[in-house]
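> First the structure, which I've put down as structure tokens, then a few questions once you've had a look.
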Amino acid sequence: MVNLSIPLIDSGKQNLSLINPILVASGTFSNGLEMSKHKDIEKLGGIISKGTTIKPREGNNTPRLIETPSGLINSIGFQNIGAKKFIKEIVPIWQKWKVATIVNIMGYTIEEYGILAELFDDINAIDALEINISCPNVEAGGIEFGQDPQLAKEVMKIIRKKTEKPCIVKLSPIVSNIQEIVSVLQDNGADAVTISNTYPAMAIDINKRQPVLGAKFGGLSGPAVKSMTIRNIYLSYKIAKIPIIASGGIMNTEDVIEAMMAGAAAVQIGTATYIDPNAPWQIIKKLEHYCKDNNINDISSIVGTAVS
Ligand SMILES: Cc1cc2nc3c(=O)[nH]c(=O)nc-3n(C[C@H](O)[C@H](O)[C@H](O)COP(=O)(O)O)c2cc1C
75 MVNLSIPLID SGKQNLSLIN PILVASGTFS NGLEMSKHKD IEKLGGIISK
125 GTTIKPREGN NTPRLIETPS GLINSIGFQN IGAKKFIKEI VPIWQKWKVA
175 TIVNIMGYTI EEYGILAELF DDINAIDALE INISCPNVEA GGIEFGQDPQ
225 LAKEVMKIIR KKTEKPCIVK LSPIVSNIQE IVSVLQDNGA DAVTISNTYP
275 AMAIDINKRQ PVLGAKFGGL SGPAVKSMTI RNIYLSYKIA KIPIIASGGI
325 MNTEDVIEAM MAGAAAVQIG TATYIDPNAP WQIIKKLEHY CKDNNINDIS
375 SIVGTAVS
């Protein structure tokens with residue numbers, strides 16, 4: 075028997091354990107309701123909600139999603155039902171599922187992050203929070219929280235005050251020094267980091283001579299970004315005292331192994347599900363075969379093995 079389980083976070087107060095390292099990435103799985111009609115959600119390592127804000131959001135003008143030769147550019151604009159409706163309508167459904175559940179939250183001010191963390195703090199059906207810090211700070215001229223170590227620190231500090239839930243901070247990939255951001259977050263109470271969100275991108279319609287996306291700019295995901303994800307994980311693993319979760323271009327089982335050898339304890343699948351909605355389940359099955367074929371008894375034994 076291969077042991078695929080991952081004891082991801084043990085904060086001393088609350089734990090987050092996964093039955094396998096495969097999570098579904100925020101925004102690419104909605105809140106799981108549609109998929110649960112077709113697939114066994116409980117076979118996944120965990121599910122992550124759509125990015126949730128305090129108030130409902132209608133999102134950006136269309137088009138919001140375009141295909142590139144090696145990935146997707148999205149500019150959904152955080153369309154979501156808002157935290158209160160999420161708690162009322164989604165949480166009771168999640169409560170019935172035996173799977174690790176993670177709510178992805180996003181604020182436009184430091185205070186908003188605190189409010190969101192407090193709102194979810196005493197909800198037993200939520201196992202952890204993923205905090206998206208790739209969001210423009212409206213009080214600081216629109217700079218992303220995740221691009222400024224000081225702002226990232228402030229966000230983490232307020233969140234830690236408001237919740238004892240395991241907190242996973244999802245980093246922005248466009249930073250001058252990823253190790254600095256990881257250090258600041260772990261020193262201020264983060265329990266894990268997700269590396270990372272999408273990369274700023276755009277496309278031009280050459281017939282109309284204008285940007286394709288309604289919001290002009292979006293975030294690039296998919297195979298195009300995998301090598302950058304791997305590098306950022308590798309560099310972060312060298313200094314991280316907390317677990318790293320990979321996100322960005324993980325399309326198949328080999329990519330999962332690569333990310334884990336670079337230092338990821340778990341992995342998120344996003345764009346791959348647009349090619350094949352079965353991808354996360356296929357990857358879990360093949361991961362077990364890979365381990366058997368390579369005499370790996372415990373999947374967590376490969377984490378960071380390529381880092382020197
Ligand atoms: C359509 C779409 C919507 C997304 N929405 C969110 C979101 O609401 N919150 C968030 O943190 N990340 C969001 N992401 C980013 C993904 O969770 C993931 O980090 C990114 O796509 C990189 O992984 P991938 O290459 O496997 O897709 C979204 C990505 C896509 C493609």
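Counting from 75, one number per residue, gives the positions in the sequence shown under this note's numbering. Here a beta-carbon is modelled for each residue, glycine too, at the ideal position from N, C-alpha and C.
Across which residues does DSSP place residue 204 in a beta bridge pair?
Note: residue 204 sits in a beta bridge opposite 178, 242.
> With contact counted as at least three CB pairs below 8 Å, one residue from each stretch, are the region 312-325 and the region 253-262 in contact?
With a cut-off of 8 Å, the region 253-262 and the region 312-325 count as touching, because enough Cβ pairs lie within range.
> Please identify the residue among 199, 261, 325, 339 whose C-alpha is closest to the C-alpha of residue 224.
Checking every option, the nearest Cα to that of residue 224 belongs to 261.
> Mapping the DSSP letters down to three states, classify residue 291 as helix, strand or coil.
Residue 291: strand per DSSP, three-state reduction.
> Per DSSP, residue 341 forms a beta bridge with which residues?
In DSSP, residue 341 forms a bridge with 96, 320.
> May I ask which residues mark the beginning and end of the beta strand (DSSP E) holding residue 346?
That residue, residue 346, is in no beta strand (DSSP E); its alpha helix (DSSP H) goes 346-349.
> Figure out for me which residue from 381, 367, 317, 382 has the closest Cα to the Cα of residue 91.
If we check each option's Cα against that of residue 91, 317 comes out closest.
> What residue does the alpha helix (DSSP H) around residue 139 start on, and which one ends it?
Residue 139 -> not in any alpha helix (DSSP H); beta strand (DSSP E) instead, spanning 139-142.
> Tell me whether residue 167 sits in a helix, a strand or coil according to DSSP, three-state version.
In the structure shown, residue 167 sits in a helix (DSSP, three-state: H, G or I).
> With a Cβ-Cβ cutoff of 8 Å, do residue 105 and residue 123 count as a contact?
For residue 105 and residue 123, yes; Cβs fall inside 8 Å.
> Hey, how far is the Cα of residue 247 from the Cα of residue 118?
Straight-line Cα distance between these residues: approximately 26 Å.
> So the candidates are 340, 277, 233; which of them puts its Cα closest to the Cα of residue 79?
Measuring from the Cα of residue 79, the nearest candidate turns out to be 340.
> Based on Cα-Cα distance, which residue from 295, 374, 194, 85 lies nearest to residue 143?
Taking only the C-alpha atoms, the option nearest residue 143 is 295.
> Check residue 62 in the structure and name its three-state DSSP category.
Residue 62 is absent from the model: the chain starts at 75 and stops at 382.
> Does the distance from the CB of residue 302 to the CB of residue 292 come in under 8 Å?
No, the pair does not count as a contact, with Cβ atoms beyond the cut-off.
> Under 7 Å: does the beta carbon of residue 127 sit that close to some heavy atom of ligand 1?
False, no ligand heavy atom lies under 7 Å from that Cβ.
> Any heavy atom of ligand 1 within a distance shorter than 7 Å of the CB on residue 249?
Residue 249 Cβ: outside cutoff for every heavy atom of ligand 1.
> Can you tell me which of 162, 236, 358, 160 puts its alpha carbon nearest to the alpha carbon of residue 189?
Selected option, being the one with the closest Cα: 236.
> Starting from the C-beta of residue 212, find all residues in its chain whose C-beta is less than 8 Å away, skip the five residues before and the five after it, and write them out in chain order.
Answer for residue 212: 182, 183, listed in chain order.
> Please check the pair residue 299 and residue 338, which I expect to be a contact at CB under 8 Å, by giving their CB distance rounded to whole angstroms.
Actually they do not touch by this definition, with Cβ atoms about 14 Å apart.
> Alpha carbon to alpha carbon, how far is residue 196 from residue 264?
Cα to Cα, residue 196 sits roughly 18 Å from residue 264.
> Can you tell which of 309, 305, 351, 93 has its C-alpha closest to the C-alpha of residue 326?
Nearest C-alpha to residue 326: 351.
> Return the first residue and the last residue of the alpha helix (DSSP H) that residue 189 is part of.
Start and end: 184-195.
> Would you identify the three-state DSSP class for residue 278, choosing helix, strand or coil?
Looking at residue 278 - three-state DSSP - the assignment turns out to be strand.
> Which residues in the same chain have their Cβ closer than 7 Å to the Cβ of residue 320, if we skip the five residues on either side of it in sequence?
Cβ within range, chain order: 269, 303, 307, 333, 338, 341, 342.
> Please determine, among 87, 140, 156, 155, the residue with the shortest C-alpha to C-alpha distance to residue 149.
Cα-wise, what sits closest to residue 149 is 140.
> Which residues bound the beta strand (DSSP E) around residue 267?
Residues 266-269.
> Is the closest heavy atom of ligand 1 to the C-beta of residue 323 under 7 Å?
It does: the Cβ of residue 323 is within 7 Å (strictly closer) of some heavy atom of ligand 1.
> From residue 322 to residue 204, what does the alpha carbon distance come to, in whole angstroms?
Residue 322 and residue 204: Cα-Cα distance of roughly 15 Å.
> In the DSSP assignment, what residue or residues form a beta bridge with residue 273?
294, per the DSSP bridge assignment.
> Taking the beta carbon of residue 215 as the centre, do at least 16 other beta carbons fall within 10 Å, making it buried, or is it exposed?
Result: exposed.
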